[in-house]
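Asker: Top to bottom, those sequences are chains H and A. Last residue of the first sequence? That's 145 in this note's numbering, and every number before it is there in order. Last residue of the second sequence? That's 1145 in this note's numbering, and every number before it is there in order. Backbone N, C-alpha and C define an ideal beta-carbon position, used for all residues, glycine too. Predicted model, so just to flag it, every value in this text is computed and none were measured.
Number of protein chains: 2
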Amino acid sequence: MACSIARTLDVIGEPWSPLVLRNVYIGINRFDQLQQTLGISRKVLAERLKWLVERGVLERREYSTKPPRHEYALTPMGTELCDLLLVMVRWGDRWLAGEAGPPVLYRHHACGQISHVELTCSVCGEQMRATDVDVLPGPGSLATA
Amino acid sequence: MACSIARTLDVIGEPWSPLVLRNVYIGINRFDQLQQTLGISRKVLAERLKWLVERGVLERREYSTKPPRHEYALTPMGTELCDLLLVMVRWGDRWLAGEAGPPVLYRHHACGQISHVELTCSVCGEQMRATDVDVLPGPGSLATA
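Have a look at this one:
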């Protein structure tokens, strides 16, 4: 059965990839910085970065030639994937942050206020949560993978 | 460093858990059904279900006593986690569905239209994507884990 969730998980579906994305999103984008902040082995990090570059989520840029050193940047596809992080944050803040409160706050450029994301309908603009929709087969429902 | 993304991944951060959630969300909620539709080993499925129950995302209910058989239901915490699936769907539809188009369509109860989720600001209601925010330390930033 074709499924956009399964396909998305194929790109980011192990715990390190979203944390790599988070770090690149907040500007921690060089190999050594990523390795230190994530506390991940160099081998695993190199594999995840290679995978995310191959899948079109990150691009690799050389910032030093002697010695050769690389940094990573979000592609447009990767930037949109970071939207998912904002929704993860919202859920984690609500259900897992406890009395200490949210570890990170988000200030919205448009209004300058500390806020969080809401999910709304692209057509009518009203709230659109998982309980607010019916699920129907789409044109790609018979595609393989 | 405290992080709501890392905490959320601790709950759902391997590929099977979101697919288990997806299935329970669309009503495939008995062990044997889950096992058959996901093509996952009984052992791995049992472990994931146990984990999701322990973390408060699913609850387990007996629907037959002879023989004992169980089904799984989303808790309020789990239902909110399904919001994340809608955002995964949107990204997968946009970037990975190809010419076949979206495998699944979502009809919004409020307006009756086929639509998708948009991320908007809880304060001003305008679009709030990952590129629309500044990230600041929050009250729980020094919490451990």
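Taking all protein chains shown into account, do 16 or more other C-beta atoms lie within 10 angstroms of the C-beta of V117 of chain H, making it buried, or fewer, making it exposed?
Answerer: The residue is buried, with at least 16 neighbouring Cβ atoms inside 10 Å.
Asker: Closest to L1058 of chain A by CA distance: which of A:V1123, A:T1131, A:L1081 and A:A1130 is it?
Answerer: Of A:V1123, A:T1131, A:L1081 and A:A1130, the residue nearest in Cα terms is A:L1081.
Asker: Starting from R1022 of chain A, find everything on chain H with Cβ-Cβ shorter than 7 Å and list it in chain order.
Answerer: Near R1022 of chain A (Cβ distances below 7 Å), the residues of chain H are I5.
Asker: Of all Cβ atoms in chain A, is any one closer than 8 Å to the Cβ of P137 of chain H?
Answerer: Yes, because at least one Cβ of chain A sits closer than 8 Å to the Cβ of P137 of chain H.
Asker: By alpha-carbon positions, which one of A:P1076, A:Y1072 and A:K1043 ends up nearest to R1060 of chain A?
Answerer: Of A:P1076, A:Y1072 and A:K1043, the residue nearest in Cα terms is A:Y1072.
Asker: Could you check the C-alpha separation between V124 of chain H and Q36 of chain H for me, to the nearest Å?
Answerer: Note on identity: in this sequence residue 124 of chain H is Cys, with Val being the wrong assignment. Cα to Cα, the separation comes out at about 45 Å.
Asker: I1028 of chain A CB to nearest chain H CB: under 8 Å?
Answerer: I1028 of chain A does not count as touching chain H.
Asker: Can you tell me whether L136 of chain H is helix, strand or coil according to DSSP?
Answerer: The answer is strand: DSSP assigns L136 of chain H an E or B state.
Asker: Just to confirm before moving on: does the CB-CB distance between D1079 of chain A and G1056 of chain A stay below 8 Å?
Answerer: According to the sequence provided, residue 1079 of chain A is Thr. The question's Asp does not apply to it. Not closer than 8 Å, so no.
Asker: Mind checking if S1115 of chain A is an interface residue toward chain H, Cβ cutoff 8 Å exclusive?
Answerer: By this cut-off, S1115 of chain A is an interface position.
Asker: For Y1041 of chain A, does the three-state DSSP call read helix, strand or coil?
Answerer: For the record, residue 1041 of chain A in the displayed sequence is Ser; it is not Tyr. Reduced to three states, the DSSP call for S1041 of chain A is coil.
Asker: I'd like to check one pair, G138 of chain H with G1101 of chain A: are the Cβ atoms closer than 8 Å?
Answerer: A contact, by the Cβ cut-off of 8 Å.
Asker: Can you tell me whether C124 of chain H is helix, strand or coil according to DSSP?
Answerer: If DSSP states are grouped into helix, strand and coil, C124 of chain H belongs with coil.
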